[in-house]
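Asks: Numbering (numbering that gives the first Met the number 0), first residue to last: 0 to 452.
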Amino acid sequence: MSSSPTMPKKSPPGYQPEYAIMKELKRSRELFLDARRYLPGGVDSPVRAFKAVGGTPPFIARGRGSKIYDVDGNEFIDYVCSWGPLILGHTHPQVVEALKQAVERGTSFGAPTELEITLARMVCTAMPSIEMVRFVNSGTEATMTALRLARAFTGRDKIAKFAGCYHGHADVLLAKAGSGVVTLGLPDSPGIPASYAQDTLVVPYNDAHAVEGLFQRYPEQIAAVIVEPVAANMGVVPPRPGFLASLRKLTAGSGSLLIFDEVITGFRIAYGGAQAIYDIAPDLTCLGKVIGGGLPVGAYGGRREIMEMIAPAGPVYQAGTLSGNPLAMTAGIETLKVLGQPGAYQQLEDRAAALEKGIAEAVARAGVPAQISRAGSLLTVFFTAGPVVDYESAKQADTAMFTRFFQRLLSGGIYWPPSQFEAAFVSLAHSDEDIELTVKASQTALGSLKPAA
Ligand code: KE4
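1) State the DSSP-derived secondary structure class of ARG302, mapped to helix, strand or coil.
2) Among all the DSSP beta bridges, which residues are the ones paired with PHE259?
3) Based on the DSSP secondary-structure assignment, which residues constitute the bridge partners of ILE434?
4) Taking PHE134 as the reference, which of GLN100, MET328, PRO192 has the closest Cα?
5) State yes or no: is the C-beta of ASP187 nearer than 7 Å to some heavy atom of the ligand KE4?
6) Taking MET131 as part of the beta strand (DSSP E), name the residues at either end of that continuous run.
7) What is the residue span of the beta strand (DSSP E) that GLY62 lies within?
8) What residue range does the beta strand (DSSP E) around LYS394 cover?
9) Given that a residue counts as buried once 16 or more other Cβ atoms are within 10 Å of its Cβ, and exposed if not, what is VAL102?
10) Checking 8 Å against the spacing of the C-beta atoms, do GLN346 and LEU427 come in under that value?
11) Do TYR78 and ALA369 have their CB atoms nearer than 8 Å?
12) For the structure I just gave you, are there three or more beta carbon pairs, one from the region 291-306 and one from the region 121-134, closer than 8 Å?
13) Is TRP82 near the ligand KE4 - that is, is its Cβ less than 7 Å away from at least one heavy atom of it?
14) Following the continuous beta strand (DSSP E) through ARG373, name the residue where it begins and the one where it ends.
15) Whole angstroms is fine: what's the gap from ALA159's alpha carbon to ILE225's?
16) Within 10 angstroms of the Cβ of GLU140, are there 16 or more other Cβ atoms? Answer buried if so, exposed if not.
17) Run the proximity test for TYR165: is its beta-carbon closer than 7 Å to any non-hydrogen atom belonging to the ligand KE4?
18) Decide if VAL362 is buried, meaning its Cβ has at least 16 other Cβ atoms within 10 Å, or exposed.
19) Distance, Cα to Cα, VAL181 vs ARG364?
20) Straight-line CA distance for PRO39 to GLU29?
21) Determine the closest residue to THR284 out of LYS439, PRO295, GLY271, GLY292, with distance taken between C-alpha atoms.
22) Counting C-beta neighbours from all protein chains within 10 Å, is the total for ASP433 16 or more, i.e. buried, or is it exposed?
23) How many Å lie between PHE214 and GLU333 at the Cα?
24) Once DSSP output is grouped into helix, strand and coil, what is the label at VAL315?
25) Starting from the Cα of MET233, find the closest Cα among TYR204, GLY265, GLY357, CYS80 and give me that residue.
26) How should VAL289 be labelled, buried or exposed, when 16 other C-beta atoms within 10 angstroms of its C-beta is the threshold for buried?
27) Answer yes or no: the CB of ILE225 versus the heavy atoms of the ligand KE4, is any distance below 7 Å?
28) Taking C-alpha atoms, which residue in GLY154, PHE108, GLY138, GLU211 lies nearest to MET308?
29) DSSP state of ILE276, grouped into three classes?
30) Put LYS157 into one of helix, strand or coil per three-state DSSP.
31) Measure the C-alpha to C-alpha separation of GLY64 and ILE76 and round it to an integer number of angstroms.
32) Which residue comes first and which comes last in the beta strand (DSSP E) that contains PRO203?
33) Could you tell me if LEU32 is buried or exposed, where buried requires 16 or more neighbouring beta carbons within 10 angstroms of its beta carbon?
34) Does the region 390-403 come within contact of the region 306-320, defined as at least 3 CB pairs closer than 8 Å?
35) Following a CB-centred definition, is ILE129 positioned closer than 7 Å to any heavy atom of the ligand KE4?
36) Sorted by chain position, which residues of the same chain lie with C-beta nearer than 7 Å to ALA145's C-beta, five sequence neighbours on each side aside?
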C-alpha cells in the first residue's frame, strides 16, 4: 500500500529555521491514518495528500487572513489559499458577515434568486466577451459543459488542448499527448475509453505551429481549442507573445471556438482576467475559484448565440442541484466587490513582485539552478535553469530539490503548494511582513540545498 514517508520528526541536521519551528505533526499523523480508512488516500483531492513531496499533510483547523493553523498548533503563511479562491485571504470580514446573514435566510432553494443575477452581471461587466453565463459547482463542470456546448454549436467532435494544461477531471479532458506526431489523445486515467480520448488532440503549449498543423490535419473537425491563457497547472507558464492571438486567428478562421479556461486566472491576474491583459475575446470562458470566494462554484459563459443553446433556452442539457447556490453567490459577490476597489490589483502585484524579487535574490545567492515564473499574484519556483515554456521543459525541473525546498519552507512556517507543478497564490491578506518572512525562509531553505549530484 502506498503511504507517504513519515514526516521527519525533526528538521534535517544543520537546518535551523530562523524563526517558527514546526511542532511535531502528531495529531495530523493520527488524523491522516484515520482519514485513509474512509477516504481514498485520506483526502478529497489528490494534491492534498502531499504524495509529491512526502510527509504527513498538516490537517488544518482554521484560517485567518494570510495564515492557516493546523491541529498541532502550527501556524503557516498560506500560499495555497485553497488553490486560488481565497484571493482576499481567509475569513475576510466582509465575506464572513455577508455569509452569516445569507445562512439565516436559507442555504439553498433550488429556485431562482436575485443573487445569481447580481453575480452574473458582475461577471459579464468584468469580461465583455461573456454576454451570458451559467453557474455550476466546479471548474470541472464548467469546462466539461463548455466543450459539450462547443460540440453542439459547431456540430464537430474533436477538441484540442495543450499538454500540461489541466481543465478538471472530465473524461473528455483527461487525455495526454499521443506518441509522436499522431497527437491523438490517449486516456490519462484508467476508466476512460480510448474512443473518448481519441477525439481529444493534445499539442505542446506555446506552439502555435502545432495548432496550425491540427487544423490542416483535421479540417472542419475541431469544435474548440481550450487553453489556460496563462498556464498554471504545470507551474506558471505565461503565453509567448502572439500565442493567444494565433489561437484566436486559427479558431476564427476555421469555424472552431476558442475557450479560455480562466478558472485560475479569472479575477486573479486582473479583474477582467487574462482576456483583459492580452486583449483577446474568446468565444467561451470558464471560471471558478475566485468567483465563489471559497465556496463551491464554477461558471461558463460567452457569446449569446452560443449560450442560448443551453437548456432550457436551447437543446444542450446541463443542470445542477446546487448551481447558483445563494451562499456561493454571496461569497462571490462580496469577493468581487473587494477586488473591484481601487488599488486591489496593484497591492497584489506589489506583494507578489516583492516575493519574486526576494526569492530570485536568494536563488542567486545560493547558486541553486532555479528560476521564478510569475503572472500577477501567481508564481512558481522552478528548479531548473533552462527556459520553461511548455510541459516538456517544465518536467526538466528537479523535483527532488523542489521537495527539499518545500519541506524546509514548511518547517519554517511557510505553506507552499506541495508540488513543483502548481502555482503559489498571493492574497490581499499577505502583508509586507509575511513577504519578508517568506523571503527569509526561502533564503534559509535555498541555502541548505545543494544541486543534486
Ligand atoms: P475544479 O473542478 O477543481 O473546481 O476546477 C478544475 C480546474 C479547471 N481549470 C483549471 C485551470 C484548474 O486549475 C482547475 C483546478 N485547479 C486545481 C489546482 N491546480 C485544483 C486543486 C485540486 O485539484 O485539488
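All C-beta atoms, glycine included, are put in the ideal place defined by N, C-alpha and C.
No experiment lies behind these values; they were computed from the predicted model shown.
Replies: Taking the definition as stated:
1) coil
2) Looking at the DSSP output, PHE259 bridges to VAL226, THR284.
3) Answer by DSSP bridge pairing: none, since ILE434 is not bridged.
4) When only C-alpha atoms are compared, the closest one is MET328.
5) Remark: the C-beta of ASP187 is outside contact range of the ligand KE4, defined as less than 7 Å to any heavy atom.
6) 131-135
7) 59-63
8) Element bounds for LYS394: n/a, residue is neither H nor E.
9) With fewer than 16 other Cβ atoms inside 10 Å of its own Cβ, VAL102 counts as exposed.
10) yes
11) no
12) yes
13) Under cutoff, so the answer is yes.
14) 370-374
15) 6 Å
16) Burial check for GLU140: the Cβ neighbour count within 10 Å reaches 16 or more, so the residue is buried.
17) At a cut-off of 7 Å, the beta-carbon of TYR165 counts as near the ligand KE4: some heavy atom of the ligand is closer than that.
18) buried
19) Annotation note: pLDDT 45 at VAL181 (below 50); position unreliable, coordinate value reported separately. Straight-line Cα distance between these residues: approximately 44 Å.
20) 16 Å
21) Proximity to THR284 across LYS439, PRO295, GLY271, GLY292 peaks at GLY271, based on C-alpha coordinates.
22) With 16 or more Cβ atoms within 10 Å of its Cβ, ASP433 is classed as buried.
23) Each residue's alpha carbon lies about 42 Å from the other.
24) Of the three classes helix, strand and coil, the one that applies to VAL315 here is strand, per DSSP.
25) TYR204
26) buried
27) no
28) GLY154
29) helix
30) strand
31) 9 Å
32) 199-203
33) exposed
34) With a cut-off of 8 Å, the region 306-320 and the region 390-403 do not count as touching, because too few Cβ pairs lie within range.
35) no
36) ILE258, LEU283, CYS285, TYR299
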